[in-house]
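Numbering (the working numbering), first residue to last: 1113 to 1359. Just so it is clear, CB atoms sit at the ideal spot from N, CA and C, and this is done for glycine as well. Quick notes on the structure that follows.
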Amino acid sequence: MPQRILGVIPARFASTRFPGKALAKLAGKPILQHVYERSVMARYLTDVVIATDDDQIYEAARGFGARVRMTRSDHLSGTDRVAEVASADTASIVVNIQGDEPMIDPGAIDAATLALLDDEDAPMATLKKRIETDEEMANPNVVKVVCDLRGNAIYFSRCTIPYNRGGVDAAYWKHIGLYVYRRDFLLGYSAMPVGPLEQAERLEQLRALENGYRIRVMETDYDSIGVDTPEDLERVTKLHEAILPEL
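Have a look at this one:
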């Protein structure tokens, strides 16, 4: 029997830099609608649901035909909101899809999902993209990842890793924040101890590594373009018009 694979898009109205960004319009549609419509194009997702604690987002999502679930308002992270939805679902694999990436690539969702389908022992998977510019390499907001020879994450950092002391032609990788979890692992994730590395880097994915769990990392050409400010929306609008005029 095929596994049930659930995509969850956590969305909230409150945002320090851009309140209501999930409902901001891009090419005549809310950002959240773009995320949803592109997510349902992923081959391996059985279902996609939007998770929110806001009535406006709930009504907007219902308006464009999405399945939507109201969640508690006291969650500390999107991961916790995704876990609440997963706890009431029978899916064995759960994909956490960022609600502020209107140009999300369905193929990237599939690539991360396949990582768990192909590795039955891995509890969690994510993506990486090769860094092409010095600006990205030096930017602490661009999270870097290094992996072992089997494609498992060794470490995530805001610093440039690895340090290239020998001057060799080393590859540098940007972490793409799309996560796929086995349901049981996800439900226990928030209860895991928060370690000093997560506290220092402010990177939630380090919790898995610090508690001894593997994270499979798949390579992708997709580059995440999130909307965190009105200026980001202007930039994404120009890209959307140039690359995806039909959507």
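Quiz item: Just the Cα atoms here: how many angstroms apart are residue 1293 and residue 1139?
Solution: In the sequence shown, residue 1293 corresponds to position 181, counting from 1. In the sequence shown, residue 1139 corresponds to position 27, counting from 1. Straight-line Cα distance between these residues: approximately 32 Å.
Exercise. For residue 1222, I'd like the list of residues in its chain whose CB is within less than 7 Å of its CB, leaving aside the five on either flank, ordered along the chain.
Key: Within the sequence shown, numbered from 1, the residue matching residue 1222 stands at position 110. Answer for residue 1222: 1154, 1155, 1156, listed in chain order.
Quiz item: So the alpha helix (DSSP H) residue 1348 belongs to, where does it begin and stop?
Solution: For the purposes of this step, residue 1348 is identified with residue 236 of the sequence shown, where counting begins at 1. Run containing residue 1348: 1342-1355, per the alpha helix (DSSP H) assignment.
Self-check item: Under the three-state DSSP convention, the category residue 1155 falls into
Solution: Position 43 of the sequence shown holds residue 1155. Here residue 1155 sits in coil by DSSP.
Quiz item: How would you call residue 1253, buried or exposed, if buried means at least 16 neighbouring beta carbons within 10 angstroms?
Solution: Here residue 1253 refers to the residue found at position 141 when the sequence shown is read from its first residue. Exposed, because fewer than 16 other Cβ atoms sit within 10 Å of the Cβ of residue 1253.
Quiz item: What is the residue span of the beta strand (DSSP E) that residue 1238 lies within?
Solution: Taking the first residue of the sequence shown as 1, we reach residue 1238 at position 126. Looking at the DSSP string, the run of the beta strand (DSSP E) that includes residue 1238 is 1236-1242.
Self-check item: Rounded distance between the beta-carbons of residue 1125 and residue 1166, thought under 8 Å
Solution: Here residue 1166 is taken as the residue at index 54 of the sequence shown, counted from 1. Here residue 1125 is taken as the residue at index 13 of the sequence shown, counted from 1. Indeed, because the Cβ distance is near 4 Å, the residues count as touching under 8 Å.
Exercise. Return the CA-CA distance between residue 1324 and residue 1175, expressed in angstroms with no decimal places.
Key: The residue given as residue 1324 occupies position 212 in the sequence shown. The residue given as residue 1175 occupies position 63 in the sequence shown. Going by the C-alpha atoms only, they are around 43 Å apart.
Quiz prompt | Assigned exposure category for residue 1245 - 16 Cβ within 10 Å defines buried | solution = Here residue 1245 is taken as the residue at index 133 of the sequence shown, counted from 1. Residue 1245 should be labelled exposed.
Self-check item: Rounded straight-line distance, which links the Cα of residue 1209 to that of residue 1123
Solution: The residue given as residue 1123 occupies position 11 in the sequence shown. The residue given as residue 1209 occupies position 97 in the sequence shown. If you take the alpha carbons of residue 1123 and residue 1209, they lie about 10 Å apart.
Self-check item: CA nearest to the CA of residue 1217, picked from 1151, 1256, 1349
Solution: Working through the sequence shown from its first residue, we reach residue 1217 at position 105. Answer by Cα proximity: 1151.
Self-check item: Every unbroken beta strand (DSSP E) within the stretch 1257-1308, with a cutoff of 3 residues, ordered by chain
Solution: 1265-1269, 1285-1294
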